[in-house]
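Residue numbers (our numbering): 6 to 724.
Using N, Cα and C, we set each Cβ at its ideal position, and we do this for glycine too.
The block underneath contains the structure these notes are about, expressed in structure tokens.
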Amino acid sequence: MGRPCSVPNREAILLIQKYMQYFNTNNFPSSSAKVWKNMSKELNGKWKPHSVYTYVRDNKNGSLEAARQNLGINIQPPRPLPSKSTIEDDIIDELSEDSESDKSSYHDDENGDSDIGVDSFPLVLSPTEWEQIKPDQTSNHQQKRLKSWVWPNVITKAFWNMYKFPCAFLGKWSYVRIEQDENENYAVGSFYLKFKGLCKSKKCNNKIVGVAYKKPVNGELHLIITTRDTRNDYHEEVKRPLNGPERKLIGRKLKRRRAAGYRQKLLAENMKFGENEPPWVQKCHIYRQAKMEHNKEDLGIKSGVKMDMITSIRNMLQDIRYSNAIREIGAKKFYVFYCSPEQIFVEKEYCRVRKGFSRICLDATGKVVKKFEIIPGRKTGHIFLYTITINFEGKTLPVYQMLSEKHDAVFITFWLQEWIRACKATIPDEAMSDLGRALLLAMCEAFNRMTLKEYVDVLFKWATKDRYKTPRPFNTLIRADVAHQMAAVARWKCIKDLRHPIVKGFYLRTIALMIDCQTVQEFEHVFRLTCIVALHLDQDESIMVSGKQVSVFEARRLLEEYMAEHGQIIEELETSRENVEIDEEVENTLNSVEEKDDKNLTVTHQWIKSLISMSTPPDQQKMECKAVNGFYFSEFIQPLERIAKEFPIWTAAALPGKQTHASTASQEGYFAEVRQRIFEGIPLPCSANRFLKEHIDDLHSGTNEVAAKLKHFNHNHRQ
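If you want it as structure tokens, here you go:
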């Protein structure tokens, strides 16, 4: 026996009567209205305000109805909103459809088939339809039934397609005789198959009886259907249950489709103006429930079983498709490392065939996985997808992935180190990323075992020596995406506040010139000219540059000549800047890392400061300005110094040989593919377990494609 209700029914009725002014119609106050708090206080807090609200709204225990009757109000309470149980009322109704336990249903109902005003309608089931419903051969009984949970769906759908009845017929019983020989017909008045059903509407209560007097001919079953013709009568809207194999089939169909769109398509194809909705076309919540059931089954979650997200992901390890891919799962702080053995092989083979030129991209994206309650009372933070990708012959392939709510450089470093340690990944020759600080720090630490500041200094010193004669003193070149660098500069406050478009365009193009520099000397020259133009008020003032005197006006002219020479490259860089899509959530998170505050300037930073110092004029207030420099922009120098101290990672100036611009466009393209192709029809963000399953399944096909390309590449280069 359950525990007694904390508020007796009589007490609840009296309370409702007291506040009947709010409940004398079915337009109840909102759940946040003050009346519910007042009623909760009168009950001494035994029920919370929201509990009072649902108790009255749903007419629990008939209390609202009783209170109204006591006060002479003859208004029926509204029907309860669909709940998990009412949404599944179609299953309860379907229990009467040829229940296997009801052995006497045919004999009990055999003489009750006659009805007044019934008509007969011929119906032919196709061979496919008959195959779906015919009795199986597992039983030796001579009296058999059509397949439960299947025959009512098939027969009523075929009958509706032929005659368009508004009735939602439920199957009661079916009966099949098989004692005759294969070629023997049944005696007059006898039959081979019979079934009976009843309309779901209590007002209609229309019976349907179907009889087949002969066995199927060429796979076709000929039926005579007896029922009352209700096509010209008004009929309330009722729906057949969605159950059995049909429910599972529709759940699979809806895996990548929206329930509302699927329903609208059915109505467009099966309904004409002025007609009732087909009784087999369900409401959206039924289709959504079927879709959810399929998704749960697909994830290995049994129906009716509640499972937390971490347990659900751990259960995926029981499936060999995922056990070989999922490497590590975090339970207190959520993260999942995953990559398949095939991805590991492809990465190693790629680095082998591209030895000396292997390149990876590392990036992160958000809004793909929903937050969830990881421990009672605590939800996860923002969950990002991190991927390492390679690009081989135009195909971009992820080779290592992570879902994580931890975004600090230390943890990302650990993830990369696990890739090298546990997966035995080959350290790449070059690693690129956008300007996410945590990503750059992590790549330096994991691949080169040095901080970003140390790496910049080592690269700068190596570049200023004879770099062609000494091996590079690190494993991996770390480079930042130039499009993101251009976009970041365009968002500087000083640039956005600059009203003159010509001046703004000039300084953005100076950044493009620096990006395209191929030597440290070339970068130094462009950087100094830029500082001279930005820091001097008088354009006729002269400064010593590379052993000769150059005026501010001449410095600007030199820069404009360089811009003209590099016009196509600058145009491409500006176009790439305009095409960059900034995920502010990811950007702000990855740039919020805390670095150790080292008061000692790096060698590179000291060099940049010396260039600025050489370009800075003496006290300009004491100088007479003869010709005003229209491109004076001293505010530009401070943020320029901040990025210039790390110029080796966003320009090619410190790199050996002729270098292309660093670009993560292929990585960005893959994230777009995730949203548009891999998860087509699946709204993002989705649950973590769903994302993992779909993503890992898709990775197999991409891995196979790149493996095939590598095989052909190896074959062609052996010849």
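Asked	Found
Limits of the beta strand (DSSP E) - the one that Pro403 falls within	Lys400 to Ser409
Per-residue burial, Asp95 [other beta carbons within 10 Å of its own, 16 or more giving buried]	At Asp95 the pLDDT is 40, less than 50, meaning the model places this residue with poor confidence and gives no usable figure here.
With 16 other Cβ atoms within 10 Å as the buried cut-off, status of Val711	buried
Contact check, Ala447 vs Ile417, beta carbons under 7 Å	yes
Nonlocal neighbours in the same chain, by C-beta distance under 6 Å from Phe33, ignoring five residues either side	Arg62
Presumed contact (8 Å Cβ cut-off) between Ile548 and Ser620, rounded CB distance	7 Å
Asp368 - DSSP class collapsed to helix/strand/coil	strand
Bounding residues of the alpha helix (DSSP H) (the contiguous stretch that carries Gly249)	Gly249 to Lys258
Of the listed residues Leu704, Glu410, Val374 and Gln611, nearest to Lys337 (C-alpha basis)	Glu410
Inter-residue Cα distance where the pair is Ile18 and Tyr218	60 Å
Beta-carbon separation (whole angstroms), Lys201 vs Ile213, contact threshold 8 Å	7 Å
Assigned exposure category for Val76 - 16 Cβ within 10 Å defines buried	Correcting the residue identity first, residue 76 is Leu in this sequence and not Val. So Leu76 ends up on the exposed side.
C-alpha distance - Gly510 paired with Glu352, whole-angstrom precision	41 Å
Beta carbon of Thr370 nearer than 7 Å to that of Phe676	yes
Rounded distance between the beta-carbons of Cys344 and Pro433, thought under 8 Å	Pro433 to Cys344, Cβ: 15 Å. No contact.
Same chain only: Cβ atoms within 6 Å of Arg252, ignoring 5 sequence neighbours per side	Ala295
Buried versus exposed call for Lys260 [16 or more other C-beta atoms within 10 Å across all chains shown]	exposed
Collapsed DSSP secondary structure at Ser179 in the structure displayed	strand
Of the residues Glu354, Leu254 and Leu198, the one placed nearest Lys429, counting alpha carbons only	Glu354
Span separating the alpha-carbon of Ser615 from that of Glu527	16 Å
Reduced DSSP secondary structure (H/G/I, E/B, other) of Lys207	coil
Alpha-carbon spacing of Glu673 relative to Asp368, whole angstroms	8 Å
Contained beta strand (DSSP E) runs [length at least 3] in the region 205–242, N- to C-terminal order	212–217 and 226–233
Interface flag, Val341 vs chain D, CB-CB below 7 Å	Absent here is chain D; the protein component of the structure consists of one chain.
Minimum C-alpha distance to Ser581 - residue among Ala517, Ser639, Phe696 and Glu566	Ala517
Inter-residue Cα distance where the pair is Leu228 and Ile160	10 Å
His722 classed as buried or exposed, judged by whether at least 16 other C-beta atoms fall within 10 angstroms	exposed
Ile507 burial status per 10 Å Cβ neighbour count (16 or more: buried)	exposed
Closest by C-alpha distance to Arg442, when choosing among His412, Arg561 and Asn709	His412
Reduced DSSP category for Tyr637 - H, G, I as helix; E, B as strand; rest coil	coil
Beta-carbon separation (whole angstroms), Phe638 vs Met519, contact threshold 8 Å	Rounded, the Cβ-Cβ distance is 16 Å, inconsistent with contact.
Distance CB(Val123)-CB(Arg257) smaller than 7 Å	no
Backbone CA spacing between Ile668 and Val585 [nearest angstrom]	One detail in the question is off: residue 668 reads as Ser in this sequence, not Ile. If you take the alpha carbons of Ser668 and Val585, they lie about 11 Å apart.
Ala468 beta carbon less than 7 Å from that of Ala659	yes
Span separating the alpha-carbon of Pro157 from that of Glu398	55 Å
Residues near Tyr58 by beta carbon distance below 6 Å, same chain, minus five either side	Ser36 and Trp41
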